[in-house]
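There are 2 protein chains.
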Amino acid sequence: MGVTLKQLAASLDLSPTTVSRALNGFPEVNAKTRARVMAAALKANYHPNTRAKSLATGRAQAIGHVIPASTSHEIVNPVFADFIAGAGESYARAGYEMVLRITPDDQEENAYRDLLARGSIDGIILHGPRVQDARVAMLAEMGVPFLVHGRTSGVNAPYSWLDINNQRSFARATQFLLDFDHRRIALINGIEGMDFAQRRRQGYLQALAAAGIAPDPLLMRQSEMTEPYGYRAAQEMMQLPDPPTAFIASSMIVAYGLRRGLTDLGLKLGRDVSVIAHDDELSYLPNYGDVPTFTATRSSVREAGRRAARMLLRLVDDPDCGPLTELMETALILGASTGPAPR
Amino acid sequence: MGVTLKQLAASLDLSPTTVSRALNGFPEVNAKTRARVMAAALKANYHPNTRAKSLATGRAQAIGHVIPASTSHEIVNPVFADFIAGAGESYARAGYEMVLRITPDDQEENAYRDLLARGSIDGIILHGPRVQDARVAMLAEMGVPFLVHGRTSGVNAPYSWLDINNQRSFARATQFLLDFDHRRIALINGIEGMDFAQRRRQGYLQALAAAGIAPDPLLMRQSEMTEPYGYRAAQEMMQLPDPPTAFIASSMIVAYGLRRGLTDLGLKLGRDVSVIAHDDELSYLPNYGDVPTFTATRSSVREAGRRAARMLLRLVDDPDCGPLTELMETALILGASTGPAPR
DNA sequence: GCACTTGCTCAAAGCGCTTTGAAGGCAGCG
DNA sequence: CGCTGCCTTCAAAGCGCTTTGAGCAAGTGC
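Here it is as structure tokens:
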């Protein structure tokens, strides 16, 4: 344990009051005194005890992230890690701590209540929102500042969120393929019920509708986004009487699986069949180069984490600064995996 | 904010002392009183304020994880997320909080010192140890209980760690291939300097040596474990005058890349060329089925997280319970990606 | 009957900080 | 000279909890 305020004060022959004020920038401290205090604090490597401080101020100086993680493994995923990393950067900069709570998914509500009742956090980030997610109302009712990473369709009450424009993003991707004369476009989506998956499908359907193309249920799948899932989707769909000429994948990993499934069938991406992936810019799933491997809808999930955290901190600072929302657009980047529909 | 101990005590017509003791299981409380208190606490949804509690006890009831994450992205990786998830389970069970600090990697030491001086944590998990990692000595010197996920070669002083038997694991994998008459075996490793990478290479070299085979530098690579890295390794090595007949990959992602590189060359895994991967059992990189896709050295990193956390908690509880160490063996599981060397 | 446990409960101090209310010193003013 | 008001500093209370030391009533043994 480090030096305490009292000790520091004693060593300076000052009262704790004055030292505290000097360090916290209160105006009623003599400039000379303040300088002395600052110097001594630095020298003694003084850091105020967070617990004591927050007990006194009533603010935890910490943000909670609750990760339900027993049966559904959907959230403990690569995307999550990068988001957390981004958020953590913002917290660190603001002097906030990040508290992570892993919980069986039937106990998620408890986790929030517990964290709150214990006074361990000032705000919450809600992960992996589903369609009509009841957790939003729950958190609102608890009266704690919170921000959703994503959105939840079907919830009317206002709440703060940061999301990417999934619908527009996938509409554009679909449109792009349509422009290349693709008419049979498959959507390999994330698991049903996740809000992002629904929005992506909407974008996809919207673009199809605008082109006067009836969606084919045989070309739409939703499941957990693994590589084998992509592989099977490719293999099975290409067996259809009227197979797709293009695929849109909800993640890079799925796109990897698609590519394998397709090349195993002797098809070349960008020539025989087209693939567009959603790219969260995860460092170990790179999609760069002069011509990226995959044409992709791209958006940094890490940057999303950074921004979401900053927004939440504003909310914590001033709970009345109203529901804050941000919709990040994605970039459609051209890679080697797309081309005109073969005929 | 929830109910306080004082309020609860008042409502029961008892002193805070008694209520505190009743709740914390001290023996000197009348059984009837305790029951009353328990019931009331439950009803009022009482949760002791963590900050007050830890201020009073001097224990933070929290464990810190510091993630350096600016330039080197090696740690914000999929493996990390699963380890954290496992550790979080153990913490939650023990009533501990998990504090995550993301920091520029030249500031990692500061992060530890700060966390400690502020009294925010009781223990630390050290991630991603490198060969001769100076952080171990640093933490030891700070006098905080800590546990390393992995080990650090070249550090003599004892410290607590949990690791998988990387050396044996890769020696076995290599041996397995040797038994299949492979003589040209490539090692596609993680980045140089990471301790796990060094141990894996040692295991590989050891098996080769035992078989009287001189290692070929052309067959050994180390880099960040991405899919394209695996792809390039496969493509380039197969161009060699004397190409490998088998590959060992340090991660599933790399193995994906290898597979693509090899199949692109028209080679069939398990027949024309063999691949063994290290499988951390990440949920979105599944390698299961009747016959798993890849022959693999398998070990759940999530389980490692669980155990590491438990060990650290023991250490926090009793700092003198000595350096705790655990070496987890991996399983060599037979999949479809290996077979006898072609001749 | 007394001294002495034993069992249960409480008042109060203290953890390290912030913050309120008060006070000392000094200049400016009439 | 005395009063006011400003600048600077401080003592003390309080945040919600644990824990020490004391106290009180009932039970035990002589």
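These protein sequences, in sequence, are chains V and R. Under numbering that gives the first Met the number 0, the first residue of the first sequence carries the number 0, and numbering increases by one thereafter. Under numbering that gives the first Met the number 0, the first residue of the second sequence carries the number 0, and numbering increases by one thereafter. Here a beta-carbon is modelled for each residue, glycine too, at the ideal position from N, C-alpha and C.
*Indicate whether Pro-77(V) and Leu-284(V) have their beta-carbon atoms separated by less than 9 Å.*
On the first sequence, residue 77(V) is found 78 positions in, with the first residue counted as 1. On the first sequence, residue 284(V) is found 285 positions in, with the first residue counted as 1. In terms of Cβ geometry, Pro-77(V) and Leu-284(V) form a close pair [threshold 9 Å].
*Checking contacts by CB at 9 Å: is Leu-54(R) closer than that to chain V?*
Here residue 54(R) is taken as the residue at index 55 of the second sequence, counted from 1. Yes, its Cβ sits closer than 9 Å to a Cβ of chain V.
*Taking buried to mean at least 16 other C-beta atoms within 10 Å of its own C-beta, is Val-36(V) buried or exposed?*
As a first step, residue 36(V) is located in the first sequence; it is residue number 37 there, counting from the start. Under the 10 Å beta carbon count, Val-36(V) is surrounded by 16 or more other beta carbons and is classified as buried.
_Which of the three DSSP states is assigned to Glu-302(R) in this structure?_
In the second sequence, counting from the first residue as 1, residue 302(R) sits at position 303. In this structure, Glu-302(R) counts as helix in the three-state DSSP scheme.
*Say whether chain V places a C-beta atom closer than 9 Å to the C-beta of Phe-79(R).*
Stepping through the second sequence from its first residue, residue 79(R) is reached at position 80. So, interface residue.
*chain V beta carbons: is any one of them nearer than 9 Å to that of Glu-191(R)?*
On the second sequence, position 192 is the one that residue 191(R) refers to. At a cut-off of 9 Å between beta-carbon atoms, Glu-191(R) makes no contact with chain V.
*What's the gap between the Cα of Asp-105(V) and the Cα of Ile-120(V)?*
Start at 1 with the first residue of the first sequence, and residue 105(V) comes out as number 106. Start at 1 with the first residue of the first sequence, and residue 120(V) comes out as number 121. If I take the Cα positions, the gap works out to 21 Å.
*Kindly list the residues whose CB is nearer than 7 Å to the CB of Ala-84(R), restricted to its own chain and excluding five residues on each side of it in sequence; keep chain order.*
As a position in the second sequence, residue 84(R) is number 85, starting the count at 1. Counting only Cβ-Cβ distances below 7 Å, and skipping sequence neighbours, we find Arg-301 and Gly-304.
*Which partner residues of Ala-295(V) appear in the DSSP bridge assignment?*
Walking along the first sequence from the start, residue 295(V) turns up at place 296. BP columns for Ala-295(V) point to Ala-276(V) and Ile-332(V).
*For chain R, is any of its Cβ atoms less than 9 Å away from the one on Pro-128(V)?*
Your numbering for residue 128(V) matches position 129 in the first sequence. Judged by the 9 Å Cβ criterion, Pro-128(V) is not in contact with chain R.
*Taking the DSSP output, what are the residues bridged to Ile-212(R)?*
Mapped onto the second sequence, residue 212(R) falls at position 213. Among the bridge pairs identified by DSSP, Ile-212(R) is matched with none.
*asked:* Please tell me whether Pro-15(V) has its Cβ less than 9 Å away from any Cβ of chain R.
replied: Taking the first sequence and counting its residues from 1, the one referred to as residue 15(V) is at position 16. No Cβ of chain R is located within less than 9 Å of the beta carbon of Pro-15(V).
*Please confirm whether Pro-128(V) and Arg-150(V) have their CB atoms less than 9 Å apart.*
The residue labelled residue 128(V) in the question sits at position 129 within the first sequence. The residue labelled residue 150(V) in the question sits at position 151 within the first sequence. Against a cut-off of 9 Å, the Cβ pair of Arg-150(V) and Pro-128(V) comes out as a contact.
*DSSP three-state call for Met-310(V): helix, strand or coil?*
The residue labelled residue 310(V) in the question sits at position 311 within the first sequence. Helix, per DSSP.
_Beta-carbon proximity of Asn-44(R) to Val-18(R), cut-off 9 Å_ = Taking the second sequence and counting its residues from 1, one reaches residue 44(R) at position 45. Taking the second sequence and counting its residues from 1, one reaches residue 18(R) at position 19. In this structure, Val-18(R) does not lie closer than 9 Å to Asn-44(R) by Cβ.
*Establish whether the CB of His-46(R) and some CB of chain V are separated by less than 9 Å.*
In the second sequence, counting from the first residue as 1, residue 46(R) sits at position 47. The beta carbon of His-46(R) sits closer than 9 Å to some beta carbon of chain V.
*asked:* Tell me which residue opens and which closes the alpha helix (DSSP H) that Ala-185(R) is part of.
replied: Here residue 185(R) corresponds to residue number 186 of the second sequence, with the count starting at 1. That residue, Ala-185(R), is in no alpha helix (DSSP H); its beta strand (DSSP E) goes 184-188.
*Could you check where the alpha helix (DSSP H) with Gly-85(V) kicks off and where it finishes?*
As a position in the first sequence, residue 85(V) is number 86, starting the count at 1. 77-93 is the span of the alpha helix (DSSP H), which, as asked, contains Gly-85(V).
_Can you look up Met-224(R) in the DSSP assignment and give me helix, strand or coil?_
Within the second sequence, residue 224(R) is the residue found at index 225, counting from 1. The DSSP-derived three-state label of Met-224(R) is coil.
*Look at the Cβ atom of Ala-133(V), then the Cβ atom of Tyr-158(V), and state whether they are nearer than 9 Å.*
For the purposes of this step, residue 133(V) is taken as the residue at position 134 of the first sequence. For the purposes of this step, residue 158(V) is taken as the residue at position 159 of the first sequence. In this structure, Ala-133(V) lies away from Tyr-158(V), with their beta-carbon atoms at least 9 Å apart.
*Since Leu-268(V) contacts Val-274(V) with CB under 8 Å, what's their CB separation in whole angstroms?*
In the first sequence, the residue the question calls residue 268(V) occupies position 269. In the first sequence, the residue the question calls residue 274(V) occupies position 275. Yes, Leu-268(V) and Val-274(V) are in contact; Cβ-Cβ is about 6 Å, under 8 Å.
_Helix, strand or coil at Ala-340(V) according to DSSP, with G and I counted as helix_ = By 1-based counting over the first sequence, the position of residue 340(V) is 341. Taken through DSSP and simplified to helix, strand or coil, Ala-340(V) comes out as coil.
*Chain-ordered chain V contacts of Thr-262(R) [CB-CB under 8 Å]*: Sequence index remark: in the second sequence, residue 262(R) carries index 263 (1-based). The contacting residues are Arg-259, Thr-262 and Asp-263.
*Boundaries (first-last residue) of the alpha helix (DSSP H) holding Asp-162(V)*: In the first sequence, counting from the first residue as 1, residue 162(V) sits at position 163. Segment 160-163 is the beta strand (DSSP E) holding Asp-162(V); no alpha helix (DSSP H) there.
*Along the beta strand (DSSP E) that carries Leu-326(V), what are the first and last residues, could you check?*
If you number the first sequence from 1, residue 326(V) lands on position 327. Taken as a continuous stretch (DSSP letters only), the beta strand (DSSP E) holding Leu-326(V) covers 324-327.
*Is the beta carbon of Ser-298(V) less than 9 Å from the beta carbon of Ser-89(V)?*
Residue numbering aside, residue 298(V) sits at position 299 when the first sequence is read from its first letter. Residue numbering aside, residue 89(V) sits at position 90 when the first sequence is read from its first letter. Between Ser-298(V) and Ser-89(V), the C-beta spacing is not below 9 Å.
*For Leu-4(R), go through chain V and note every residue whose CB falls closer than 8 Å to its CB, in chain order.*
Stepping through the second sequence from its first residue, residue 4(R) is reached at position 5. Listed along chain V, no residue sits closer than 8 Å to Leu-4(R) by beta-carbon distance, the nearest being about 12 Å off.
_Please identify the residue among Pro-240(V), Gly-142(V) and Ser-249(V) whose C-alpha is closest to the C-alpha of Asp-194(V)._
As a first step, residue 194(V) is located in the first sequence; it is residue number 195 there, counting from the start. Taking only the C-alpha atoms, the option nearest Asp-194(V) is Ser-249(V).
*Please name the residue, chosen from Ala-34(V), Ala-116(V) and Leu-257(V), that lies closest to Asn-188(V) on a Cα-to-Cα basis.*
Residue mapping note: residue 188(V) aligns to position 189 of the first sequence, counting from 1. Here the closest residue by C-alpha is Leu-257(V).
*How is Pro-67(V) classed by DSSP in three states: helix, strand or coil?*
Looking up residue 67(V) in the first sequence gives position 68. Under the three-state reduction of DSSP, Pro-67(V) is assigned to strand.
_Taking CB distances under 9 Å as the criterion, tell me whether Ile-83(V) reaches chain R._
Taking the first sequence and counting its residues from 1, one reaches residue 83(V) at position 84. With 9 Å as the cut-off, Ile-83(V) counts as an interface residue toward chain R.
*Please decide whether Ile-123(V) counts as near chain R, where near means a Cβ-Cβ distance under 9 Å.*
For the purposes of this step, residue 123(V) is identified with residue 124 of the first sequence, where counting begins at 1. It does not; no Cβ of chain R falls within 9 Å.
_Contact list for Glu-88(V) against chain R, beta-carbon separation under 7 Å_ = Position 89 of the first sequence, counted from the first residue, corresponds to residue 88(V). What Glu-88(V) touches in chain R: Ile-101.
*Could you please give me the residues that DSSP links to Val-130(V) through a beta bridge?*
Taking the first sequence and counting its residues from 1, one reaches residue 130(V) at position 131. DSSP, once it has assigned bridges, lists no residue as partnering Val-130(V).
*Contact belief for Met-224(V) with Ile-247(V) at Cβ below 8 Å, rounded distance in angstroms*: Indexing the first sequence from 1 puts residue 224(V) at position 225. Indexing the first sequence from 1 puts residue 247(V) at position 248. In this structure, Met-224(V) and Ile-247(V) do not form a Cβ contact; the two beta carbons are roughly 13 Å apart against a cut-off of 8 Å.
*asked:* Counting only C-beta atoms, is Pro-227(R) closer than 9 Å to chain V at any point?
replied: For this step, residue 227(R) is matched to residue 228 along the second sequence. Yes, Pro-227(R) lies at the interface with chain V (some Cβ there is under 9 Å from its Cβ).
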